[in-house]
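**Q**
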Amino acid sequence: MTRQQSVVTSNAYLLIRDPGRIRADVTSCPLHLRDPDPGCGRGWPPGDLWPVPMRGKAGGVPPGSVRARRFRRSLMPRRARRNRGAGRIEPPAEPMVNRTLELDLLKEHLARVIRGEPGHAVLLLGESGVGKSRLAGEAVAEADRLGTFAITAQCLGHGAEPLLPIRDAMAIHLGRNSESIRRTLTGAAPRLLDAIPFIGTFLGKLGETWVEGRQPRGASTEGVYEALAGVLIGISERHGLLLLVEDLHQADQDTLFFLNYLLRKIRGHRVLAVFTMQEERLRDVPQLADLVAQWTAEGYGVLTVLPLERAHVGEYVQMAAALGEPPDDKLVDRLFGLTGGNPFFLKETLQLLSAQDPPAGTEPVSIPPRVDAVLRRRLGRADTQVMRFLEAAAVVVETAQEIEPVAHVMDADLAAAIQALTAACELRLMREGANGEIGFIHALMQRAVYQDMGANSRRFLHSRAAEWFEREGRFASAAFHFERAENIESMVRAALEAASHAEQAGMYHSALGFYQKARPYVEIEQIGPPLGRALITMGNWDQAQELIDQLPEDDGGVRLLRAELRFVRGDFHGARVEARAALDTRTAEALVKLADIELYLGEFPAAQEHVRRALDTIGPGLVPLRARCLGMLGATEFFAGDVDEGRTRFEEALRLLLDEPENELDVLAYATLLGNLGNVAEAQGDWAAAEQRHAEALRLRREVADARGALHSLHALGRCRIGLGDVNGGHALYAETERLAADLGEALERAKLAHTRGELRLRAGDPVAAAELVGSALEVFSRTRTHYDVTHARVTLAAATLATGRERAGVELAAAARASIESKRYGLLRRIRPETAYPLADRVAGALTAYACGDALGLPYEGSPPSEAAAEQIERLRPREGWAPGATSDDTALTMLVARHLVEREGNGAAHAFLELLAAQDPPVPGMGPSTTAAIEHFRRTGRPPESGGTSNGAPMRALPVGWATPLDAPDRRRQLALEMTRATHPDPDAACAAGVVAACASWALEGASPRLLLEVAVEEERAAAREYGAGDRLAGLLAELAAGRWRSPDQGIGLDPGETVTAALSCVLEARDLRDGLLRAVRLGGDTDTVAAITGGLLGSRLTRAEVFAVLPWHVDVRLPEVVEVSAGLAAVRAEG
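Each step along the sequence shown adds one to the number in full-length UniProt numbering, with nothing skipped, and position 56 is 56.
So this is what it looks like as C-alpha cells:
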C-alpha cells in the first residue's frame, strides 16, 4: 500500500467484506471541549514537570534532574553523548510524526466547510493506539485557531444510557444551567435562545426524568433527533462547527442512529463531523459496519492512520526525548520490533524507561518483551486503595463517567473515592475532566485492569454497579451490569423497564435492543407484543413477521399485531381479516384498525361506520383512541371535499390529546393529526403553513422512530417545497423519500412518489414521461386496491394521455376517475383537479339546459327551408303559431320525461312503464310527433307497446338521457336501455339504431370527447347497434359521407328520417366553433330545426356547466327553461353506480 493509498480509503465493499484490511482505531480520551492540551487536567502534574510519574509516589521527574539527564543520554549514540554539552533539558511533548498528509487533509476539509461548502464527515480509522485521537486533537486545535467551535463527544459503551455521549458533550460545551447555556448561546448562536428549555431538559439526567414519571415530549424531550440536530447546526451558523466523536465503535444504538441522521442534515451547513473508530472492533458492531459502508458510498471521507515505519520510530524517539541527534540504532530497532510503530506503545515504553535509573555508562535497561507488560508495569505503581478504585472504575466506565457509582462499587465513601482518583491521575492511570468526568488514560489500560480481575470479582463488581444504576432509574446501564454479573432475572427486569421507558420516550432503536436482550429469558407471550410493535414501527417487518409467527395465533392482541404488519405491507385484505377476527376480544382497538384500513382503501362510508361504533365502545380513559377516531372522521370529510369540516375534526382531536397530561401524550396520534392539518393547508394553497405542520410531524415521527410516518411526512414536505417554488429542494426531499421507501420495502409509498413526480413532469410539459410514471404507479394502486389512489392516478394519467394526443384513452381514464369520484365521494379531487374531476351532475345540467335552448331556438323555424338568417334574427326567439316566444317543444318535454323515468327507476328503464307515464300526462304533451301519438293510442287500446311503425326521428330526439345515465364502460347496457326506451314508441330498427348512436355520443360528450372523437364513436356505435337491432345501412352511409366531408344538407331541409337527423346534428357539432355557433348552424339547416338544434345543444352542452351555457347564450333569459338541477343530479348518480 502506498503512502497516499493508506490515507484515503472509500471502498465500502472492503469495509464490509474485510474490515481487517483497513486500519482503524480511536484512543480513549475523556470528553472535552476545545481542551488546549488533550493531556491536561488532573492527569498531568502542575508546574515544570515531565508527565512521567515516579514509581510508588505521586509527582513527576524534574526536567533538570539527574534521572532525566541519564534517560536522555541512554537514548543517544555514544558519540553524541560525548559531544553533547550540559544545559537545561526541555520536557518532551508527545510528538506528531509522519502525519502531515492526514492533518493537511483534515485541515482542508475544515477550511472548506468554514468557507460555506457543503457539510462533510471524515472517518479516522486505524488500530488501537495508532494516534487517531492525537490527529483529531490537532484538528480541534486548528478549529480553535480559526475561531470555529469544536465539540468532542466520547462514546462509553453499548450499555450506556441512550445518547449519553451527545448529552455530556453538549453539557461541557454549553454548561449545565440555564444561565450558562444562555451566555454561551448569546455569543455563539442567538437564534437558539428559544431552544434553552429543550436543551436544559435534554442535559438533565435521563434516569431522573424517568424516575419522576415525566415522559419527555416535544420541545422538552431528550433523544429528539431533530431538535438536537437543530441545536448543533445552529451553533455552526456564525463560525462553523467541528464535531469530534471518539470511539464510535462504543456508541449506543441511538447515538449511532442520531449521527447517521445528523449527517443527512449537515450537507447544507458549515459542519465538519470527525469520527474515530477502531478497525478491530468493526466486526463486533455490524450496524456500525453497515453505516460506515453507507457513509463511504455517500462520499464521506475516510482517513486510515497507519503505524509508524522504522525510520519514523527513530524520529519519534528523537522528538520525544528532545535529542539533538538521532537515537541509537539498536534501540530504535528494538523499539520498532516491540511496538510495531504504534505511537501509544512507543510513548508508554519511553516513559517507562525514563522512570528507571540505569547506572551511568551502561546500556539502556531491557525493554519488556510484550507491550501489555508496559501497562502492567504502570499499574504496578498503584497501591491497594488505588487498585480498588481502578477495578471499580474499569467496571463502571463502560456505562458512565461519574465518580459516584465508582464509590458505590468499591464500597467507599465519596471522599475516599476522590482521594483514590487523585492518586490514579497522578500516576497517569486515569484522567479527570474539567466537569468531573473520569476515564482511563487509554482504553487499553481499562482492558488490562478488567482482565486482571478474577471472574468472581468482576461479577461482584458488576452486580454492585447494577444496583446503583437501577436505584438511580438508569435501567439501560443496570441491565448491562446485571448481564455481566450473570444475574439473568435482574437483567430481564431492568431490560424490560429500560425498553418500556425508551419506547415511551420515542427511542425505538434502544427499546428494540432491550427487548431483544430480554427475549431469550422471557415467555414469548409476554415480550412478543411490545417487541413486535417496536419492530413494526421501526420498519423491521421481516423480523416482526418471524416474531409474530411464534405467538398464539388466536389471541386478539396478536391478531391486531398481525393486522398492523399486513397493513403496513400493503396487504389490506389480510389486515381486514385479522382485525375482524379480533372484534370479540379487542372490540374498540379492532374497530379503529378496521376504520384505518377502510380509510386507506378509500372506502369512506365503511370507515365512518367503524369509527362511530368504536366511539360508542371506547371508555372515558382511552383518550388517544378517541382522538384517533375523531381524526379519521375528519379525514373522511376532508377527502370527500369538505375541507373546513375536516379541519374542525382534526383540531377537535388535537385539543383532546393536548388536554391530557404531557406524560400521556400519544405522539404517533399527535403527529398524524399534524400531518392531516398540513394536508388541509395544502388543499387551501397555504404552502408555508403546510410546511410548518408537516415539518413538526416529521420531527415527532423521527423522534419516535416511526419510519412509515416519517416517509409520509418527507413526501408531504417535498410537495410543500415545490408549492413554495423551491423545485430543487422538493426533488431532494423526494430523493430522500425514495431511499427510505426502498429501505422499508414500501411499494405503495414509492408508487405515490412516482405519481407525484409524474404530476411534476406533466406541469413541466413532458406528458410522455408523466404518463410513464403515473402509469407505473397506477399498476401498484390497482394491485393493492387503494381506490382513492387509483382514482387520483387516473385523473393525472388522463390529463397526461390527452396531452400526448391519445384522446380516446384519455377520455376513458378521466371517465373512470369521475365515476369513482361520484360513487365514493372523493370530492377533494374535484378541488385539486377541477379541470378533469368535474361533477358530472353539473355537466348534465348544462347539457339539458343547452338542449332546451336549442329546442326553443329552432322551434319558430321548424318546417322552414334552409336559410342564412343573421344570428340576431334567429336569436330574437320570435313566436310561432300555438307557441309563445321562448317556448320549448315536445322534444324537451319528452326528453325530460325520459330523464325522470330513468332516475325514478335507478336506470332500469322499461318501455311499458314509460308508455304508462306518457299516457297519463294530463294535459298531454303538446306537439308530439305521429309515431309517439300512434304509440300512445295503441297502448291505450291494447296495454302493450307497438310492434311496428315508428320510423320518425322521435327516438334519437329523446335518447340523450340514456347516454348521460350510462357510463362509457357499459356499452351493452346502454344499447339495451336505448332499445328499451325506443321501442315504447319507435320499434323500427333504423330508429332504434339512430337512438343508440345518439345515446353513445351523449355518453362520450359528457366525458369531454371532442367533436371528431364523437364522430368516431357514432360510426362505431352504428355498426354495433345495426348488428344488434337488425337495422339497415342508411345511417352508416350518411355517417361515412360526413366523415369523408361529403355530406350535404338536403335542399328542403332536414326531414323526420332518424338517420338524417342524427347526421345533421353531428355535422353541426363537428363544424361549430362553440355552442352558440352550433345552434345557429342547426337552425339554418331548415326542416326539423328544433330537433336538430336540441340534439346539437345536448351534445355541445355536455362539455359545459349550466352557468357556462348561460354565459354563451345570453338570450337564455327569454327561454322557458325546465327545472333540470334535481334530475341532472339523479342521472349523474345513476351513471356513477354503473
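Even glycine gets a Cβ: it sits at the ideal position worked out from N, Cα and C.
Tell me which residues share the same chain as G950 and place their Cβ nearer than 7 Å to its Cβ, disregarding the 5 neighbours each side in the sequence.
**A** Here residue 950 refers to the residue found at position 950 of the sequence shown. These residues qualify, in order along the chain: S931, A935, T985, H986, P987, D988 and A991.
**Q** Determine the DSSP secondary structure at R431, reduced to helix, strand or coil.
**A** As a first step, residue 431 must be located in the sequence shown, where it is residue number 431. Correct three-state label for R431: strand.
**Q** Based on the DSSP secondary-structure assignment, which residues constitute the bridge partners of V271?
**A** Residue numbering aside, residue 271 sits at position 271 when the sequence shown is read from its first letter. In the DSSP output, where bridge partners are listed per residue, V271 has L241.
**Q** Within 10 Å of its beta-carbon, does L206 have 16 or more other beta-carbons around it, so buried, or fewer, so exposed?
**A** Taking the sequence shown and counting its residues from 1, one reaches residue 206 at position 206. At L206, the pLDDT of 36 sits below 50, so the modelled position is not reliable; the number obtained from the coordinates is stated separately. Under this definition L206 is a buried residue.
**Q** May I have the straight-line CA-CA distance separating R370 from R381, to the nearest angstrom?
**A** In the sequence shown, the residue the question calls residue 370 occupies position 370. In the sequence shown, the residue the question calls residue 381 occupies position 381. Model confidence at R370 stands at a pLDDT of 49, short of 50, so the residue's coordinates are unreliable; what they give is reported in the following sentence. Cα to Cα, R370 sits roughly 18 Å from R381.
**Q** Would T791 and L829 qualify as a contact pair, given that the criterion is a beta-carbon distance under 8 Å?
**A** Here the question's residue 791 lines up with position 791 in the sequence shown. Here the question's residue 829 lines up with position 829 in the sequence shown. It is a contact, given that the beta carbons lie within the stated cut-off.
**Q** Between V409 and V397, is the Cβ-Cβ spacing less than 8 Å?
**A** The count along the sequence shown starts at 1 and reaches residue 409 at position 409. The count along the sequence shown starts at 1 and reaches residue 397 at position 397. Their beta carbons are not under 8 Å apart, which means V409 does not touch V397 by this criterion.
**Q** Skipping 5 residues on each side, what residues in its chain have a beta carbon closer than 6 Å to that of R974?
**A** What you label residue 974 is simply residue 974 of the sequence shown in a count that begins at 1. Here the set comprises T966 and A999.
**Q** Within 10 angstroms of the Cβ of L288, are there 16 or more other Cβ atoms? Answer buried if so, exposed if not.
**A** In the sequence shown, counting from the first residue as 1, residue 288 sits at position 288. Result: buried.
**Q** Please classify H173: does DSSP put it in a helix, a strand, or coil?
**A** Within the sequence shown, numbered from 1, the residue matching residue 173 stands at position 173. DSSP places H173 in helix when its eight states are reduced to three.
**Q** Assuming the contact rule is C-beta atoms closer than 8 Å, V592 and L625 should be a hit. Round their C-beta distance to whole Å, please.
**A** Sequence index remark: in the sequence shown, residue 592 carries index 592 (1-based). Sequence index remark: in the sequence shown, residue 625 carries index 625 (1-based). Between L625 and V592 the Cβ distance is about 6 Å, and since that is below 8 Å, they are a contact.
**Q** Report yes if the C-beta distance between L711 and A669 is below 8 Å; otherwise report no.
**A** Here residue 711 refers to the residue found at position 711 when the sequence shown is read from its first residue. Here residue 669 refers to the residue found at position 669 when the sequence shown is read from its first residue. For L711 and A669, no; Cβs fall outside 8 Å.
**Q** Which one or two residues does DSSP pair with T942 in a beta bridge?
**A** Here residue 942 refers to the residue found at position 942 of the sequence shown. Answer is none; T942 lacks a bridge partner.
**Q** How about the stretch 1060-1067 and the stretch 833-843: do they share at least three Cβ pairs that are nearer than 8 Å?
**A** No, the stretch 1060-1067 is not in contact with the stretch 833-843.
**Q** With distance defined between alpha-carbon atoms, name the residue in A970, V1069, M981 and W1047 nearest to residue 1166.
**A** Any answer about residue 1166 is impossible in this case: the structure gives the chain only from 1 up to 1138.
**Q** Check whether the stretch 631-638 touches the stretch 665-683, counting contact only when three or more Cβ pairs, one atom from each stretch, lie closer than 8 Å.
**A** At 8 Å Cβ cutoff, the stretches touch.
**Q** Excluding five sequence neighbours on each side, which residues of the same chain lie with their C-beta closer than 7 Å to the C-beta of E102?
**A** Here residue 102 refers to the residue found at position 102 of the sequence shown. Taken in chain order, the residues that qualify are V7, L135, L303 and V305.
**Q** In this structure, does DSSP put V302 in helix, strand or coil?
**A** Taking the first residue of the sequence shown as 1, we reach residue 302 at position 302. DSSP places V302 in strand when its eight states are reduced to three.
**Q** Counting Cβ pairs closer than 8 Å, one from the stretch 655-666 and one from the stretch 846-853, do we hit at least three?
**A** No: the two stretches stay apart, fewer than three of their Cβ pairs being nearer than 8 Å.
**Q** Hey, C720 and A690 are a contact pair by Cβ (cut 8 Å); roughly how many whole angstroms apart?
**A** Start at 1 with the first residue of the sequence shown, and residue 720 comes out as number 720. Start at 1 with the first residue of the sequence shown, and residue 690 comes out as number 690. Confirmed, Cβ separation roughly 5 Å.
**Q** For W1047, name the three-state secondary structure that DSSP assigns.
**A** As a position in the sequence shown, residue 1047 is number 1047, starting the count at 1. Note: W1047 maps to coil in three-state DSSP.
**Q** Are the beta-carbon atoms of A817 and V795 separated by less than 8 Å?
**A** Position 817 of the sequence shown, counting from 1, holds the residue named residue 817. Position 795 of the sequence shown, counting from 1, holds the residue named residue 795. Result yes, Cβ atoms of A817 and V795 sit closer than 8 Å.
**Q** Going by Cα to Cα distance, which pick from P162, L894 and A994 is closest to S477?
**A** By 1-based counting over the sequence shown, the position of residue 477 is 477. Selected option, being the one with the closest Cα: P162.
**Q** Along the chain, where does the beta strand (DSSP E) that runs through I438 open and close?
**A** As a first step, residue 438 must be located in the sequence shown, where it is residue number 438. Where I438 is concerned, the enclosing beta strand (DSSP E) stretches over I438 to F440.
**Q** Spatial neighbours of E138 within its chain, please: C-beta separation below 7 Å, excluding the five flanking residues on both sides.
**A** Translated into the one-based positions of the sequence shown, residue 138 becomes position 138. Only M96 and L103 meet the Cβ criterion.
**Q** Would you report the Cα separation of R1034 and D642, rounded to the nearest angstrom?
**A** On the sequence shown, position 1034 is the one that residue 1034 refers to. On the sequence shown, position 642 is the one that residue 642 refers to. Using only the alpha carbons, I get a separation of about 51 Å.
**Q** Could you check whether V811 and R797 sit closer than 8 Å to each other, using their CB atoms as the reference points?
**A** Position 797 of the sequence shown holds residue 797. Position 811 of the sequence shown holds residue 811. Note on identity: in this sequence residue 797 is Leu, with Arg being the wrong assignment. No, these two residues do not count as a Cβ contact at 8 Å.
**Q** What do you reckon, are the CB atoms on R459 and E483 nearer than 8 Å?
**A** The residue labelled residue 459 in the question sits at position 459 within the sequence shown. The residue labelled residue 483 in the question sits at position 483 within the sequence shown. No.
**Q** Run through the stretch 669-755 for me and flag every whole alpha helix (DSSP H) of 4 or more residues, listed as ranges in chain order.
**A** Fully enclosed alpha helix (DSSP H) runs of 4 or longer: 687-703, 707-723 and 727-744.
**Q** For the candidate residues L859, T1061, Q976 and A640, whose alpha-carbon lies nearest to that of G909?
**A** Here residue 909 corresponds to residue number 909 of the sequence shown, with the count starting at 1. If we check each option's Cα against that of G909, Q976 comes out closest.
**Q** Report the residue ranges of all beta strand (DSSP E) runs contained in full by the stretch 101-160; include only those spanning at least 3 residues, in chain order.
**A** Counting only runs of 3 or more, we get 120-126 and 149-154.
**Q** Quick one: using the 10 Å Cβ neighbour count with 16 as the cut-off for buried, is S180 buried or exposed?
**A** Residue 180 sits at position 180 when you count from the first residue of the sequence shown. It is exposed - the Cβ of S180 has fewer than 16 other Cβ atoms within 10 Å.
**Q** Could you check where the alpha helix (DSSP H) with T791 kicks off and where it finishes?
**A** Translated into positions along the sequence shown, residue 791 becomes position 791. Unbroken alpha helix (DSSP H) run through T791: H787 to A803.
**Q** Less than 8 Å between the C-beta atoms of L1085 and L1113, yes or no?
**A** Here residue 1085 is taken as the residue at index 1085 of the sequence shown, counted from 1. Here residue 1113 is taken as the residue at index 1113 of the sequence shown, counted from 1. Against a cut-off of 8 Å, the Cβ pair of L1113 and L1085 comes out as no contact.
**Q** From what residue to what residue does the alpha helix (DSSP H) around I874 run?
**A** For the purposes of this step, residue 874 is taken as residue 874 along the sequence shown, with counting starting at 1. I874 -> alpha helix (DSSP H) spans A871 to I874.
**Q** Using C-beta distances below 7 Å, list every residue in its chain close to L1131, excluding the 5 sequence neighbours before and after it, in chain order.
**A** Sequence index remark: in the sequence shown, residue 1131 carries index 1131 (1-based). These residues qualify, in order along the chain: V844, A899, L902, V903, P961, W964 and A965.
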